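Worksheet: the structure to be examined is printed underneath.
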Amino acid sequence: MLLVVPWLAGCVSGPLVRLDTGQGAPIVYTPPADQPPPVEVRQDEFVSALTELVLHMPLSLELPRREGRVRLASWEGESRDPIQRMMERQCAPSELPDGCLVLPGNAPPPQTLMRMRLALSFALDTVWEGAAVPLSEYLDPLAFKLMVYAALSTYLLTLMMPEPVTKGLAAVLTVYLVAYLGLGPVLSMLEAGWRLLEDSQRATTSEQLKKAGHRFGRVLGDSGMRVLLLLATAALSGGAGFAGKGPGLPGFGRAALASPARTGVALEAAGQVRSVALGIKQLTVVLAPTAVAATAMGSGGAAPKKGNLTGQPKQPRPNDDKETTRGLERENESARILAENGYDVEQNPLSNSNKQPDYKLNGEYADCYAPSTDNPRNIRDAIARKVNGRQADRIVLNLEDSQVTLEALKKQLLDDPIADLKEIIIVKGGKPILFHP
1 MLLVVPWLAG CVSGPLVRLD TGQGAPIVYT PPADQPPPVE VRQDEFVSAL TELVLHMPLS
61 LELPRREGRV RLASWEGESR DPIQRMMERQ CAPSELPDGC LVLPGNAPPP QTLMRMRLAL
121 SFALDTVWEG AAVPLSEYLD PLAFKLMVYA ALSTYLLTLM MPEPVTKGLA AVLTVYLVAY
181 LGLGPVLSML EAGWRLLEDS QRATTSEQLK KAGHRFGRVL GDSGMRVLLL LATAALSGGA
241 GFAGKGPGLP GFGRAALASP ARTGVALEAA GQVRSVALGI KQLTVVLAPT AVAATAMGSG
301 GAAPKKGNLT GQPKQPRPND DKETTRGLER ENESARILAE NGYDVEQNPL SNSNKQPDYK
361 LNGEYADCYA PSTDNPRNIR DAIARKVNGR QADRIVLNLE DSQVTLEALK KQLLDDPIAD
421 LKEIIIVKGG KPILFHP
């Protein structure tokens, strides 16, 4: 089966999709503008599919209780999260870590997670209509809902807080979701997820969480939320189980037809996807090594598309100090690497403001920063000065001379976010990495 569709080299306008096949530069293309609409899943299809999933899943449900009452959320800042643990126990013991839905290491504390799950319950209140009665024949509907909310929040957070990419089962779910709904709605969901997280952190009443949940639910609509809930449910037992359940979901045939145009990936072979990264109007998909041969055959041997490198690079002057010279060399190096990996790069473009950004990347202004420090706080502050000073809101961060870990840098940006920062592309080891958002 071909993983990458044959017409990748023939590109027209639209969002950018990058396929990293492991052979040289990624294949970069723009999906056709005349894509089909999102796949609709009716309520009766949803109820039938959900019941079928439950029938064939060995679920172990045990609700956390205190003094006889089920706990949906905690307001006391508890360090334990029994609902999250109940969800994670459903994954087959034979699965590798990436084959299960697992919270990222920089996830919010349990108190915030519980609030986020409660907000999601309000987002799905109309989606559950008609499902409670058939589900109650096989399991406790409340326990099942709580577990699904944990799966949904876990999946959202793996997209929002990649390390630095979304891997394994969560990556496969993302390809499915884009195939069903399109890249635009999924990017809107990601943005709404950040709003939901912020609202959950600030909420002091259930009414505030209800408003936050309804706001999130409106982004995808009832049909989109049905798709999201079915995918999360099918993923509970792990990647191997999902591989058998995914093709049986309602609308799979229509999503499979749309997937080549939306992702460049044959949905039937989505299990060969190893990681994804969502950027500004951009989806990056990394494929397993076993997919490389099929990719080469499918593309007819065409060379991967490279971007254009234009403009005038800055050259060090004889009297420049060592640090200035190093920075300029890394700036020019980053431009070459980005162009080799499919970006259209204009160096030192003309700007309508008095600022002088280093690049235009795919038509958007960006600035380069090549720190030598290993301190994540210092790096964050330098980026903030560029963004807050209106130099650029997109940053190319060359880390070839820094030993800072991506985990430490991500934590620093989460602990002290930069409000107007739109995107960070890291250059490390001669490769670009979509790092933020």
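Note that UniProt numbering has the sequence shown beginning at 1, numbered continuously upward.
C-beta atoms are modelled at their ideal positions from N, C-alpha and C, and glycine is treated no differently.
Computed from a prediction, not measured in an experiment: that's the story for all the values here.
Just list the residues that DSSP pairs residue i with in beta bridges.
i: Arg394; result: Glu423
i: Tyr359; result: Gln347, Ala366
i: Gln282; result: Leu16, Gly279
i: Ile27; result: Leu19
i: Gly311; result: Gln347
i: Leu287; result: Val273
i: Lys410; result: In DSSP, Lys410 forms no bridge with anything.
i: Lys431; result: Lys428
Are the Cβ atoms of residue i and residue j separated by less than 7 Å?
i: Leu267; j: Ala49; result: no
i: Val28; j: Thr166; result: no
i: Met147; j: Met225; result: no
i: Val186; j: Val175; result: no
i: Val39; j: Tyr180; result: yes
i: Gly264; j: Leu101; result: no
i: Ala123; j: Gly217; result: yes
i: Glu329; j: Ala25; result: no
i: Cys368; j: Val345; result: no
i: Gln347; j: Ala366; result: no
i: Thr21; j: Leu287; result: yes
i: Val41; j: Pro250; result: yes
i: Gly99; j: Gly168; result: yes
i: Leu156; j: Gly193; result: yes
Which whole-angstrom value is the C-beta distance of residue i and residue j, which I expect to be below 8 Å?
i: Gln391; j: Lys355; result: 5 Å
i: Leu183; j: Pro349; result: That belief does not hold up - the Cβ atoms of Leu183 and Pro349 are roughly 26 Å apart, past 8 Å.
i: Leu103; j: Ala234; result: Actually they are not in contact, since the Cβ atoms of Leu103 and Ala234 sit about 19 Å apart, beyond 8 Å.
i: Gly238; j: Glu95; result: 4 Å
i: Gly241; j: Ala92; result: 6 Å
i: Ala212; j: Leu228; result: Not confirmed; about 17 Å, so no contact.
i: Leu413; j: Arg385; result: Their Cβ separation, rounded to whole angstroms, is 14 Å, which puts Leu413 and Arg385 out of contact at 8 Å.
i: Ser60; j: Gln90; result: 7 Å
Classify residue i: buried if its beta carbon has 16 or more other beta carbons within 10 angstroms, exposed otherwise.
i: Gly105; result: exposed
i: Ala293; result: Caution is warranted here: a pLDDT of 27 is assigned to Ala293, below 50, making its placement in the model unreliable, and the coordinate value is therefore given only provisionally. Exposed, since its Cβ has fewer than 16 Cβ neighbours within 10 Å.
i: Asn308; result: exposed
i: Asn398; result: buried
i: Arg115; result: buried
i: Ala119; result: buried
i: Tyr138; result: exposed
i: Trp431; result: Position check: residue 431 holds Lys in this sequence, whereas Trp was assumed. Flag for Lys431 reads exposed.
i: Leu338; result: buried
i: Ser79; result: Confidence in Ser79 is poor, its pLDDT being 48 and thus under 50, which makes the residue's placement too unreliable to answer from.
i: residue 482; result: Since the displayed the chain opens at 1 and closes at 437, residue 482 lies outside it and no answer follows.
i: Glu331; result: buried
i: residue 466; result: Outside the shown range of the chain, which is 1 to 437, sits residue 466, and nothing can be said about it.
i: Asn388; result: exposed
i: residue 468; result: With the chain running from 1 to 437 in the structure shown, residue 468 is simply not present.
i: Arg262; result: buried
i: Glu207; result: exposed
i: Lys322; result: exposed
i: Thr112; result: buried
i: residue 446; result: What the structure shows of the chain is the stretch from 1 to 437, and residue 446 is not part of that stretch, so it cannot be assessed.
i: Thr295; result: Confidence at Thr295 is low in this model, with a pLDDT of 35, below 50, so its placement is unreliable and no value can be given for it.
i: Leu257; result: exposed
i: Ala73; result: Note that Ala73 scores a pLDDT of 48, beneath 50, so its modelled location is shaky; the value from the coordinates is reported in the next line. With 16 or more other Cβ atoms within 10 Å, it is buried.
i: Ala232; result: buried
i: Ala419; result: exposed
i: Pro36; result: exposed
i: Gly253; result: exposed
i: Asp416; result: exposed
i: Gly301; result: Because Gly301 carries a pLDDT of 35, less than 50, the predicted location of this residue cannot be relied on, and the following value inherits that uncertainty. Exposed.
i: Thr324; result: exposed
i: Ser351; result: exposed
i: Ala202; result: This sequence places Arg at residue 202; Ala is not what is there. With fewer than 16 other Cβ atoms within 10 Å, it is exposed.
i: Ala255; result: buried
i: Asn362; result: buried
i: Gln403; result: exposed
(request) Taking only runs that begin and end inside the region 197-279, name each unbroken beta strand (DSSP E) of 3 or more residues, in chain order. (result) 273-279
(request) Output the residue ranges of the alpha helix (DSSP H) runs that lie fully inside the region 130-167 and measure 4 residues or longer, sorted by chain position. (result) 132-136, 141-160
(request) Please specify which runs of the alpha helix (DSSP H), each continuous and at least 4 residues long, are wholly inside the region 29-58, giving them in chain order. (result) 43-55
(request) Within the region 75-120, note down every full alpha helix (DSSP H) run reaching 4 residues or more, in order along the chain. (result) 82-88
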